Ligand code: SF4
C-alpha cells in the first residue's frame with residue numbers, strides 16, 4: 018500500500034497548517050538561452066496567477082501531488098527558458114480575446130468553496146446562459162489524440178460542483194481545444210486527424226458524491242505531499258501509454274494496425290491474405306509527462322525507477 022492510501026483517513030484541517038510553511042516562495046527563474054527580445058521575455062515572465070486566500074486552487078489540485086511537492090522542495094533549483102513559455106503566453110492572449118468576445122454568461126469568474134475545513138478556489142473560463150461550462154485549451158494536436166485529458170475532466174467537474182454551490186445548475190461541460198500546430202495538409206491526408214483547428218470535446222459529468230470524494234482524496238494527498246509523504250504519480254497523471262504492437266506491412270512506413278497485445282497483433286496478421294508480408298513492431302511504453310513535460314523529472318525517484326525498469330537512460 019502506497020503512502021497515498023495510508024493517509025486517506027487523515028484529518029485534512031489538522032494537516033493543512035505545517036504544509037503552508039513548506040510551500041514554494043517567489044517566482045520561477047526564467048532563462049533566455051535563445052536571446053529573445055526583452056519585451057517578450059518580460060511578457061512570458063509575467064504570471065497573473067492568483068488563488069486569493071484559498072488553501073488550494075482547482076488548478077493546483079488537478080496537478081499530481083508528487084509534482085507540486087517536488088516543485089516546492091526544489092524551487093530554488095528550477096528554471097524554465099523563456100522560449101518554452103511562448104505557447105502559454107499565446108494561450109493567455111487567446112483567453113483575453115475570448116473573454117472580450119463573450120456574449121453574456123459568466124466570464125473568468127473566480128469562485129470558492131469550503132470543504133473539510135479547507136478553502137478551494139477555481140476560475141471558470143466561461144459559463145454560458147444555457148448552463149454549460151466551457152473551458153478553452155490552447156494545445157497541440159498530440160494533446161487531444163486520446164480525447165480529453167483526465168485532469169480536464171477533473172477540473173470541469175470541480176467547477177460544475179462549485180457553480181452548484183452558487184446556485185448555478187450546469188447541464189453540460191465542454192472543452193474547446195484550439196490546436197496550435199494543426200495542419201490543413203495533414204487533415205486532407207488523414208481522415209483520423211482532426212478535421213478542423215478547433216475541436217469541441219464533451220466532458221463526462223460526475224455525480225456530486227464523486228466530485229466530493231475526489232476533492233477529499235486529492236486534498237489529503239496534497240497535504241500529505243506538502244508534509245513530505247510523497248505519493249506516486251498515477252498512470253493518468255503521467256499520461257501513460259502502455260506498450261503496443263504495430264502490424265507492419267513490408268515496404269509501408271505506417272502501421273496497418275496497432276494493437277494492445279502481441280497475441281492480438283499475431284491473430285490479426287494471421288487473418289490477412291498473405292501473413293508473411295507482415296511483421297510485428299513493438300511500440301515501447303511511454304510516460305510523456307515524465308519524459309517531456311515535468312519540470313521536476315530529474316529529481317523524481319519514481320521516474321528514475323521506471324526508466325531503469327524499461328531500459329531507458
Ligand atoms: S517525473 Fe513523472 S512520476 Fe515524477 S513527478 Fe513528474 S510526472 Fe510524476
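In my numbering, the protein residues as written are 18 to 330. C-beta atoms are modelled at their ideal positions from N, C-alpha and C, and glycine is treated no differently. Predicted model, so just to flag it, every value in this text is computed and none were measured.
CA-CA distance, residue 108 and residue 214? As a first step, residue 108 must be located in the chain shown, where it is residue number 91. As a first step, residue 214 must be located in the chain shown, where it is residue number 197. Computed Cα separation, rounded: 15 Å.
Residue 2 vs residue 195 beta-carbon contact at 9 Å: The requested residue 2 does not occur in the structure, where the chain is confined to residues 18 to 330.
Nearest-angstrom Cα distance between residue 102 and residue 69? By one-based count along the chain shown, residue 102 stands at place 85. By one-based count along the chain shown, residue 69 stands at place 52. Rounded to the nearest angstrom, the two C-alpha atoms are 24 Å apart.
Determine the burial state of residue 38: buried for a count of at least 16 other Cβ atoms within 10 Å of its Cβ, exposed for fewer. As a first step, residue 38 is located in the chain shown; it is residue number 21 there, counting from the start. For residue 38, the predicted model reports a pLDDT of 33, less than 50, meaning its position is unreliable; a value from the coordinates is still stated below. Classification for residue 38: exposed.
Quick one: give me the first and last residue of the alpha helix (DSSP H) that residue 79 is part of. For the purposes of this step, residue 79 is identified with residue 62 of the chain shown, where counting begins at 1. Residue 79: member of the alpha helix (DSSP H) spanning 75-79, first to last residue.
DSSP bridge partner residues for residue 140 (one or two, in chain order): Translated into the one-based positions of the chain shown, residue 140 becomes position 123. According to DSSP, residue 140 bridges with 127.
May I ask which residues mark the beginning and end of the beta strand (DSSP E) holding residue 265? The count along the chain shown starts at 1 and reaches residue 265 at position 248. Residue 265 -> beta strand (DSSP E) spans 261-266.
Quick one: grab the DSSP three-state call for residue 294. Residue 294 sits at position 277 when you count from the first residue of the chain shown. DSSP places residue 294 in helix when its eight states are reduced to three.
Beta carbon of residue 222 nearer than 9 Å to that of residue 187: As a working mapping, residue 222 is identified with position 205 in the chain shown. As a working mapping, residue 187 is identified with position 170 in the chain shown. The beta carbons of residue 222 and residue 187 sit closer together than 9 Å.
Between the beta-carbon of residue 139 and the beta-carbon of residue 175, is there less than 9 Å? One-based indexing of the chain shown puts residue 139 at position 122. One-based indexing of the chain shown puts residue 175 at position 158. A contact, by the Cβ cut-off of 9 Å.
In the DSSP assignment, what are the bridge partners of residue 189? Your numbering for residue 189 matches position 172 in the chain shown. In the DSSP output, where bridge partners are listed per residue, residue 189 has 149.
How many angstroms separate the CA atom of residue 111 from the CA atom of residue 231? For the purposes of this step, residue 111 is taken as the residue at position 94 of the chain shown. For the purposes of this step, residue 231 is taken as the residue at position 214 of the chain shown. About 30 Å.
Taking 8 Å as the cut-off, is the C-beta of residue 83 nearer than that to any heavy atom in ligand 1? One-based indexing of the chain shown puts residue 83 at position 66. Yes, ligand 1 has a heavy atom inside 8 Å of this Cβ.
Buried or exposed: residue 40, going by 16 or more other Cβ atoms within 10 Å of its Cβ? Residue mapping note: residue 40 aligns to position 23 of the chain shown, counting from 1. At residue 40, the pLDDT of 44 sits below 50, so the modelled position is not reliable; the number obtained from the coordinates is stated separately. By the 10 Å Cβ count, residue 40 comes out exposed.
Rounded to whole angstroms, what is the Cα-Cα separation between residue 51 and residue 314? The count along the chain shown starts at 1 and reaches residue 51 at position 34. The count along the chain shown starts at 1 and reaches residue 314 at position 297. Straight-line measurement puts the Cα of residue 314 at about 23 Å from the Cα of residue 51.
Roughly how many whole angstroms lie between the Cα atoms of residue 53 and residue 309? The residue labelled residue 53 in the question sits at position 36 within the chain shown. The residue labelled residue 309 in the question sits at position 292 within the chain shown. The straight-line gap separating the alpha-carbon atoms of residue 53 and residue 309 is approximately 22 Å.
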